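Chains as they are written, first to last, in my numbering: chain A, 1 to 407; chain B, 408 to 682; chain C, 683 to 976.
Quick reminder that beta carbons are idealized off the backbone N, C-alpha and C, glycines included.
Keep in mind it's a predicted model, so treat the numbers as computed, not measured.
Structure first, then comments.
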Amino acid sequence: MSDADSVTTPPSPPPAKPPWHDLARGRVARPGEWLVEKGIFAVSLTAIVMILLIFVFVGREALPILLGQADSAAARVQRILPPEDVDRMTPSELRAALGLSRRKFAARSLEEQKAALKEIYAVRAEADRNGAEAIPDKDSEVNTVGWRYLIRPHQWTGYSRPEFIWQPVSQIQKFNVVPLLVGSLKVTLVAVLFALPLALGAALYVSQFASRRLRAWIKPAIEMLAGIPSVVLGFFALFVLAAALESVFAFQSRLNAFVAGIALGVAIIPVIFALAEEALSAVPRGYLEGALAVGASRWQAAWGVALPAAWPGVFAAVVLGFGRALGETMIVLMASGNAAILSWSLFDSSRTVTATIAAELGEVVFGGHHYRVLFLLGTLVLAVSFVANLVADGVMNRLRRRLASSS
Amino acid sequence: MPTTDLSNPSAATRRSPSGEADAPNHPLIEIERLSLCYGQMRALQNITLNIPERLVTAFIGPSGCGKSTLLRCLNRLNDLVENARIEGTVRIGGCDIYGPGVDVIELRKRVGMVFQKANPFPKSIYENVAYGLRLRGMRARGIVDEIVERSLRSAALWDEVKDRLHASALGLSGGQQQRLCIARAIATRPEILLMDEPASALDPVATSKIEDLILALKQEFTLVMVTHNMQQAARISDYTAFLNQGELIEFNTTSQLFTNPSRRQTEDYVTGRFG
Amino acid sequence: MLTALATGLIVAMLALILGHVTVHGWSVVTWGFLSSGAEEGLFTAGRSGIFPMLFGTAARVILMTLLVIPAGVITAVYLNEYAPASGRLTRWVRGAVNHLAGVPSIVFGLFGLGFFIGFVGAGLDDWLRPGAIQPYWAAEGLLWASATLAVMTLPVVVAATEEALRAVPAGLREASLALGATRLQTLVRIVLPHSRSGILTGSILAVGRAAGEVVPLLFTGAALYVSGLPGSLNDKFMDLAYHVWVLCTQSPDIDQTKPLLYGAVLVLLGLTLSLNLVAIMIRARISRGPQGTP
Numbered sequence: 001m002s003d004a005d006s007v008t009t010p011p012s013p014p015p016a017k018p019p020w021h022d023l024a025r026g027r028v029a030r031p032g033e034w035l036v037e038k039g040i041f042a043v044s045l046t047a048i049v050m051i052l053l054i055f056v057f058v059g060r061e062a063l064p065i066l067l068g069q070a071d072s073a074a075a076r077v078q079r080i081l082p083p084e085d086v087d088r089m090t091p092s093e094l095r096a097a098l099g100l101s102r103r104k105f106a107a108r109s110l111e112e113q114k115a116a117l118k119e120i121y122a123v124r125a126e127a128d129r130n131g132a133e134a135i136p137d138k139d140s141e142v143n144t145v146g147w148r149y150l151i152r153p154h155q156w157t158g159y160s161r162p163e164f165i166w167q168p169v170s171q172i173q174k175f176n177v178v179p180l181l182v183g184s185l186k187v188t189l190v191a192v193l194f195a196l197p198l199a200l201g202a203a204l205y206v207s208q209f210a211s212r213r214l215r216a217w218i219k220p221a222i223e224m225l226a227g228i229p230s231v232v233l234g235f236f237a238l239f240v241l242a243a244a245l246e247s248v249f250a251f252q253s254r255l256n257a258f259v260a261g262i263a264l265g266v267a268i269i270p271v272i273f274a275l276a277e278e279a280l281s282a283v284p285r286g287y288l289e290g291a292l293a294v295g296a297s298r299w300q301a302a303w304g305v306a307l308p309a310a311w312p313g314v315f316a317a318v319v320l321g322f323g324r325a326l327g328e329t330m331i332v333l334m335a336s337g338n339a340a341i342l343s344w345s346l347f348d349s350s351r352t353v354t355a356t357i358a359a360e361l362g363e364v365v366f367g368g369h370h371y372r373v374l375f376l377l378g379t380l381v382l383a384v385s386f387v388a389n390l391v392a393d394g395v396m397n398r399l400r401r402r403l404a405s406s407s
Numbered sequence: 408m409p410t411t412d413l414s415n416p417s418a419a420t421r422r423s424p425s426g427e428a429d430a431p432n433h434p435l436i437e438i439e440r441l442s443l444c445y446g447q448m449r450a451l452q453n454i455t456l457n458i459p460e461r462l463v464t465a466f467i468g469p470s471g472c473g474k475s476t477l478l479r480c481l482n483r484l485n486d487l488v489e490n491a492r493i494e495g496t497v498r499i500g501g502c503d504i505y506g507p508g509v510d511v512i513e514l515r516k517r518v519g520m521v522f523q524k525a526n527p528f529p530k531s532i533y534e535n536v537a538y539g540l541r542l543r544g545m546r547a548r549g550i551v552d553e554i555v556e557r558s559l560r561s562a563a564l565w566d567e568v569k570d571r572l573h574a575s576a577l578g579l580s581g582g583q584q585q586r587l588c589i590a591r592a593i594a595t596r597p598e599i600l601l602m603d604e605p606a607s608a609l610d611p612v613a614t615s616k617i618e619d620l621i622l623a624l625k626q627e628f629t630l631v632m633v634t635h636n637m638q639q640a641a642r643i644s645d646y647t648a649f650l651n652q653g654e655l656i657e658f659n660t661t662s663q664l665f666t667n668p669s670r671r672q673t674e675d676y677v678t679g680r681f682g
Numbered sequence: 683m684l685t686a687l688a689t690g691l692i693v694a695m696l697a698l699i700l701g702h703v704t705v706h707g708w709s710v711v712t713w714g715f716l717s718s719g720a721e722e723g724l725f726t727a728g729r730s731g732i733f734p735m736l737f738g739t740a741a742r743v744i745l746m747t748l749l750v751i752p753a754g755v756i757t758a759v760y761l762n763e764y765a766p767a768s769g770r771l772t773r774w775v776r777g778a779v780n781h782l783a784g785v786p787s788i789v790f791g792l793f794g795l796g797f798f799i800g801f802v803g804a805g806l807d808d809w810l811r812p813g814a815i816q817p818y819w820a821a822e823g824l825l826w827a828s829a830t831l832a833v834m835t836l837p838v839v840v841a842a843t844e845e846a847l848r849a850v851p852a853g854l855r856e857a858s859l860a861l862g863a864t865r866l867q868t869l870v871r872i873v874l875p876h877s878r879s880g881i882l883t884g885s886i887l888a889v890g891r892a893a894g895e896v897v898p899l900l901f902t903g904a905a906l907y908v909s910g911l912p913g914s915l916n917d918k919f920m921d922l923a924y925h926v927w928v929l930c931t932q933s934p935d936i937d938q939t940k941p942l943l944y945g946a947v948l949v950l951l952g953l954t955l956s957l958n959l960v961a962i963m964i965r966a967r968i969s970r971g972p973q974g975t976p
């Protein structure tokens, strides 16, 4: 045996082995290793830190309104101080009164800044004296960012009855969010109702009926659908879908909640499909074989056995799809028409929460009331999608465990 | 309960099989009252066992009896299992390897291991063998070349691969891969070599090559191997430990254990009545 | 069969969108279109191209990749290689990654504005340039847009990397450790090389997702028009996806703009879908041929 020959070649004399007790001389210090491992740990916290920062920095801007501390009426009246008071101000008070960042504030001397503030107050007082002689407008005494005016109807001057008005760019800014909420709800509802049957049907087909070969093509195709940028879907809705649907339904307004909803539905089909398909595929084969063995058709087995077993997954898919639809921006911004009118009709032009933020944030005063209301809307969107995620996640995890244990 | 008289080191030496009887083989590894739990499950119970130097010791027993777990205690590979808890002591050369101040990395450098399933790295044959050397910071081309060749020769693989040292190790057959893993393990000259069913996934020809190899390696290494194959244990080991359900049933020279077992359970197992 | 019909409809939608855009955009996408700028009018077909937009998109995406790949890969490494599987912190990190994936893009836009520009940028200005009136870092620009996108795509990279790390056979890790390698050595020499293609998939998916995204850019750096290419990290930039939106909604004469629009959409769609396709193909190859397991 040639192997045996080569094995017996005498090894070079073994080096003297250190005694085994050397092992217990303490851990070898590997400072580089230690440092890198701590670094890995630190970086892995990025996701947690970012989630917290998102909540903090989006919520922070909305906080004064959330807590009811912002007051648009008070801001109008009370911020006029006599010159002596301005002289007594500390630098930080002065900076707050001027509404300047630290950087801009530092750019001029303290005396210059005080003079500037006095002048502002003088101009404002003058304006108020003139205003008092003009028509007294009871609207100007209303705190339009109070909770009551954000969510309940109010009869503004010139209106014949209490109404929900979103009109942030006007003499008296009106921030009633109800029309936006209704707009979001309408569009989202259309999207889910459109996407659910299609996505669920496809999920049933792929998980129960399709051959392995076909499945290998369909799943990537639907993934590709998810890869279409929403601005492209928005463009498509705007130029193709709107015209096509208009010729069928003869809308009043070409762009409306229905058009946007359908386009949004296309965007969330992959989301619903992915979860529903995962849940349906996880149904143990034994369930189906049991049904087929007692004479059910494949369709009956899919509909009567697989679907009920995967039901929580379908529920999770709908919840997640709802969350995604509510948070989607580009499609609704481009295809919903963007009129902030309160209407339950699907065929009226409407405006959603997200589209409002996207369209208006570019033009607001940094730190002003409009700015804060938009951040409040953002906080709302964040909270809703967070809860939707939480629910979908929890349901899916429970389902995975249950199906895994019963298979 | 373990057969305490046999785990006594002097007894073990005296009972060496005839061929080695005059070579005094000290117990290199002393396992004392070792227990191991995975969470609530007890995998090893109160095992006491002495493994002699430069001989082949085999662990046999039905699957799930804890023989692999015991083997993995000897290079502390069980440390990787999150909820494993260990009691008792394992001393190698008199040093408690679970004691405070023991560096696991240093331990593993001196206790090599070959696994049940051949697991070459997806690198070249050369780089597989050189892996351990590179870990020790060995860079000099000539020395590395020499050690790689010597290790491959010792593993009886050199002639088959010398022309394609830089081809991927994954292109080798199962038996060759396993011998490569042995070459990889001995390249860094550990003193102890642990083998976890090294031939279980191989065909008879490859198995016999590995067995020849083990017999040859005995001159240089202390070998501890797990096997489910009793004939294999009988052919190549000097000492055999029989484990069942996490307990050490019997430990003795291989010839004694197979021809004249002192316990009923051992007899049933080696004669094929259960397991 | 109803379910087959539903499936067919979905695939047909994909085909319809792709076909429509290709048919209308094909003749527009010429070398001149791809290589010229928009100096001669943003909205007039035949005279302006999309080179600065392509450049801006590439710049923001590359910058984002530099930020997100290390963070995402290291997070996945921690979760898969170091973290105790049942630990509370591990669950939190996983949960945070999941939730990050579900945060709507508009919120990322607000976050980029509130945190990167309003907080980090302002802090940098206070610290590095006290006394300057013009904000330098506390303004919209390339860096903040990329950073915002990096936070957004972090889950994509983490998920793909984790999948790849899980596919590394446990035997390889054990073999390396049994040879006396430390965990870090095992990671660097065995585990990461073995997961290369998974990490690549993650990066490509992240790039594909980010390239088509507009909303986070609205408040963090994209501009309707700037002359010249962005030259520094705080420059505002033109961007392809943003440009599509601009052409759709800001054009004074939409019929004049339409060919341009189709061209831009075709390029954007081609870019994002081919990235997705490549990622899908790599992933299919990984799952079909586990080249590391003997």
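Start and end residues, beta strand (DSSP E) containing residue i
i: B/VAL518; result: 518-521
i: C/TYR924; result: Premise fails: C/TYR924 lies in the alpha helix (DSSP H), 922-932, not in any beta strand (DSSP E).
i: B/GLN683; result: Because chain B here runs from 408 to 682, residue 683 of chain B falls outside it and cannot be looked at.
i: B/ASN651; result: 646-651
i: B/PHE466; result: 463-467
Selected residue, minimal CA-CA separation from residue i, among the options
i: B/ILE656; options: B/LEU622, B/ILE436 and B/GLN452; result: B/GLN452
i: A/ALA199; options: A/ALA29, A/GLY327 and A/LEU280; result: A/LEU280
i: A/ALA340; options: A/THR356, A/LEU245 and A/GLN171; result: A/THR356
i: B/ARG557; options: B/ALA576, B/ARG596 and B/GLY582; result: B/ARG596
i: A/LEU342; options: A/ASN256, A/GLU289, A/LEU67 and A/ALA335; result: A/ASN256
i: B/ILE438; options: B/GLY471, B/GLY468 and B/ARG483; result: B/ARG483
i: C/THR868; options: C/PHE733, C/ARG891, C/LEU792 and C/GLU763; result: C/GLU763
i: B/ALA641; options: B/ARG586, B/ILE467 and B/ARG548; result: B/ILE467
i: C/GLY853; options: B/PHE665, B/GLN585 and B/HIS573; result: B/GLN585
i: B/LEU587; options: B/LEU443, B/ARG560, B/ALA547 and B/ASP603; result: B/ARG560
Residue i versus residue j - alpha carbon distance
i: C/VAL908; j: A/PRO284; result: 58 Å
i: A/LYS17; j: C/PRO851; result: 33 Å
i: A/ALA316; j: C/ALA783; result: 16 Å
i: B/ARG449; j: B/GLN652; result: 9 Å
i: B/ASP429; j: B/LYS616; result: Residue placement at B/ASP429 is flagged as unreliable, the pLDDT there being 38, under the threshold of 50; the coordinate-derived value follows with that caveat. Roughly 28 Å between the two C-alpha positions.
i: C/ALA765; j: B/ARG543; result: 27 Å
i: B/GLY679; j: B/ARG517; result: 36 Å
For residue i, the first and last residue of its enclosing alpha helix (DSSP H)
i: B/GLY495; result: B/GLY495 -> not in any alpha helix (DSSP H); beta strand (DSSP E) instead, spanning 491-499.
i: B/ASN659; result: First-last for B/ASN659: 654-660, but that is the beta strand (DSSP E), not the alpha helix (DSSP H).
Per-residue contacts from residue i into chain A (C-beta, under 9 Å)
i: C/ALA979; result: Because residue 979 of chain C is not part of the residues shown, which for chain C are 683 to 976, the question remains open.
Pair within 8 Å by beta-carbon distance, residue i and residue j
i: A/VAL192; j: A/ALA325; result: yes
i: C/ALA720; j: A/TYR205; result: no
i: C/ALA961; j: C/ALA923; result: no
i: C/LEU906; j: C/VAL928; result: yes
i: A/VAL240; j: C/HIS702; result: yes
i: C/VAL775; j: A/ALA383; result: no
i: C/VAL750; j: C/ALA888; result: yes
Listed by chain order, chain C residues near residue i by CB distance under 7 Å
i: B/MET520; result: ALA860
i: A/SER385; result: GLY784, VAL785 and PRO786
Beta-carbon neighbours of residue i, restricted to chain C and to distances below 9 Å
i: A/MET396; result: The premise fails here: A/MET396 is roughly 10 Å from chain C at the closest Cβ pair, so nothing lies under 9 Å.
i: A/ILE269; result: ILE692 and MET695
Within chain B, the residues that residue i reaches when beta carbons sit closer than 8 Å
i: C/THR864; result: ILE512
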